[in-house]
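A.B. asks: I'd like to ask you about the structure that follows.
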Amino acid sequence: KAGVTQTPRYLIKTRGQQVTLSCSPISGHRSVSWYQQTPGQGLQFLFEYFSETQRNKGNFPGRFSGRQFSNSRSEMNVSTLELGDSALYLCASSLYPRTSGVNEQFFGPGTRLTVL
Amino acid sequence: EDKVVQSPLSLVVHEGDTVTLNCSYEVTNFRSLLWYKQEKKAPTFLFMLTSSGIEKKSGRLSSILDKKELSSILNITATQTGDSAIYLCAVDSGGGADGLTFGKGTHLIIQP
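If you're matching them up, the sequences are chains A and B in order.
By the working numbering, the letter at position 12 of the first sequence is numbered 12, and the numbering carries on one by one without gaps.
By the working numbering, the letter at position 10 of the second sequence is numbered 126, and the numbering carries on one by one without gaps.
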């Protein structure tokens with residue numbers, strides 16, 4: 001069974017630009033969560049999608065947004081990039097939304113975003 | 117606000133040693149605690165501990181959840197160089213705005 005895939009793996013942008021990252025969950029998984037990982041803050045939750053609906057959102061500004069498609073693939077978008085947005089963006093998939101019960105999350109390899 | 121603290125932040129041991137990594141948490145609605153191993157890529161799932169499953173073991177790795185002390189330990193026996201990684205502890209508080217709350221991780225280095 002293929003794992004979680006994320007594209008692109010590496011991205012370099014300049015301040016003020018916008019970026020779109022993509023995540024394809026494990027086949028059959030319908031929940032996708034996004035996390036930002038930085039050396040200073042560690043892993044921080046961005047948002048969770050299930051059945052094309054945002055279920056939860058972390059404490060990030062409105063410049064960070066996402067969506068999920070009917071095939072469970074998800075995209076996240078960051079507009080008006082800032083230097084501090086440089087990070088590893090990880091996507092995790094699970095069978096069900098976290099509110100449905102205890103379930104494991106499986107992570108993709110991440111997209112390394114560098115903002116110059 | 118949910119909080120997860122891991123200790124130590126870094127640890128250097130020799131191959132063959134046994135290590136114990138610690139994780140303590142403060143959450144409003146505990147559902148599960150998860151351990152991940154992260155090398156140069158995605159965190160890899162190791163264990164999930166819940167109120168009904170407080171002890172897990174897989175090969176040389178084992179983990180225990182202490183519900184009273186709100187903490188967990190991850191033990192690795194007979195360490196190998198391939199165990200070198202960052203070990204992340206995360207707590208699931210059941211759908212709150214925080215998602216999975218992660219600790220900063222323990223950077224484990226195994227020297228030959």
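Every residue gets a Cβ at the ideal spot worked out from N, C-alpha and C, and that includes glycine.
Note that the structure is a prediction, hence the values are computed from the model and not measured.
(1) What's the gap between the Cα of L181(B) and the Cα of Y152(B)?
(2) Could you confirm whether any beta carbon from chain B is found closer than 9 Å to the beta carbon of P61(A)?
(3) Grab me the residues of S70(A)'s own chain with a C-beta within less than 8 Å of its C-beta, minus the 5 sequence neighbours each way, in chain order.
(4) My output table needs one value for T80(A): the three-state DSSP class, helix, strand or coil.
(5) So what does DSSP say about G66(A), is it helix, strand or coil?
(6) What does a CB cutoff of less than 8 Å around Y96(A) pick up in its chain, not counting 5 residues either side in sequence?
(7) Quick check: the Cα distance between A201(B) and I225(B), rounded to an integer number of angstroms?
(8) Is it a yes or a no for the region 133-152 of chain B touching the region 74-94 of chain A, going by three-plus beta-carbon pairs under 8 Å?
(9) Go to K13(A), then tell me how far its beta strand (DSSP E) extends in each direction, as first and last residue.
(10) Three or more C-beta pairs under 8 Å: does that hold for the region 124-142 of chain B against the region 78-89 of chain A?
(11) Got a sec, what are the start and stop residues for the beta strand (DSSP E) R55(A) sits in?
(12) Along chain A, which residues have their Cβ under 7 Å away from the Cβ of P159(B)?
(13) Given that a residue counts as buried once 16 or more other Cβ atoms are within 10 Å of its Cβ, and exposed if not, what is T111(A)?
(14) May I ask you to list the residues that DSSP assigns as paired with Q6(A)?
(15) Does G28(A) come within less than 9 Å of chain B when only Cβ atoms are used?
(16) Does the separation of the CB atoms of L162(A) and L11(A) fall below 9 Å?
(17) For L106(B), would you say it is in contact with chain A, using Cβ-to-Cβ distances shorter than 9 Å as the test?
(18) In this structure, how does DSSP classify D85(A) when only helix, strand and coil are distinguished?
(19) So, using beta-carbon positions, are L216(B) and L81(A) closer together than 9 Å?
(20) Along the region 43-57 of chain A, what residues have a CB closer than 9 Å to any CB found in chain B?
(21) Ignore the nearest five residues each way along the sequence and tell me which others in T166(B)'s own chain have a CB closer than 6 Å to its CB.
C.D. replies: This is what the structure holds:
(1) 15 Å
(2) no
(3) E52
(4) coil
(5) strand
(6) R30, S31, F50, N103
(7) 7 Å
(8) no
(9) 10-13
(10) no
(11) 53-57
(12) F107
(13) buried
(14) C23(A)
(15) no
(16) This structure leaves residue 162(A) out entirely; chain A is present only between 1 and 116.
(17) This structure gives no information on residue 106(B), because the portion of chain B shown stretches from 117 to 228.
(18) helix
(19) no
(20) L43, Q44, F45, L46, F47, E48, R55, N56, K57
(21) S148
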